[in-house]
Amino acid sequence: MISVKDKVVIVTGAASGLGEADARMLAAEAATVIMTDINTDAGERIAKEIGATFFEQDVSSESRWADLMHWVEKDFGRLDGLVNNAGIAVIADIESTTYRTVATHHVYPS
177 MISVKDKVVI VTGAASGLGE ADARMLAAEA ATVIMTDINT DAGERIAKEI GATFFEQDVS
237 SESRWADLMH WVEKDFGRLD GLVNNAGIAV IADIESTTYR TVATHHVYPS
């Protein structure tokens with residue numbers, strides 16, 4: 177495995193499931209982990225537990241991506257990797273799916 181030590185890595189959808197597992201593994205391997213998710217409570221709790229940083233983000237918001245990248249550049253100076261894990265299940269074929277189709281089908285945990 178290529179070393180991730182001291183690499184700055186964003187993990188989206190990091191407050192649960194595979195995103196959480198990825199964030200935990202990267203932190204254990206000494207990466208600088210930036211966790212993002214819409215679930216602020218779990219995201220902040222896990223980030224604190226593993227020594228990561230949390231940023232509230234709805235990945236379907238283009239402006240939130242811009243906010244995130246501006247913040248990463250300002251606070252960390254660079255980005256070395258992205259685990260683009262967050263997502264929702266929209267049942268449609270790839271040829272007819274648009275950004276608008278996905279953005280209008282928010283599924284938030286209760």
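Just so we're on the same page, my numbering is the position in the sequence shown counted from 1, plus 176.
We put the CB at the ideal spot given by N, CA and C, even for glycine.
- Nearest to Gly193 by alpha-carbon distance, out of Ala228, Ser236, Asn215, is Asn215.
- The three-state secondary structure of Glu205, taken from DSSP, is coil.
- Sorting Val259, Ile270, Asp243 by C-alpha distance to the C-alpha of Thr208 places Val259 at the top.
- Secondary-structure assignment with DSSP links Thr212 through a beta bridge to Thr188, Phe231.
- Taking a contact as a CB-CB distance under 8 Å, the pair Asn261 and Gly219 does not count as one, their CB atoms being some 13 Å apart.
- Classified as exposed, Gly253 has fewer than 16 neighbouring CB atoms from the shown chains inside 10 Å of its CB.
- In the displayed model, Leu244 falls within a helix according to three-state DSSP.
- Residue burial annotation: Ile178 is exposed, with fewer than 16 other C-beta atoms found within 10 angstroms of its C-beta.
- Cβ neighbours of Ile226 within its own chain (closer than 6 Å, five residues either side excluded): Arg200, Ala203.
- Contact between Thr188 and Val235 holds: their C-beta atoms lie close to 5 Å from each other, under 8 Å.
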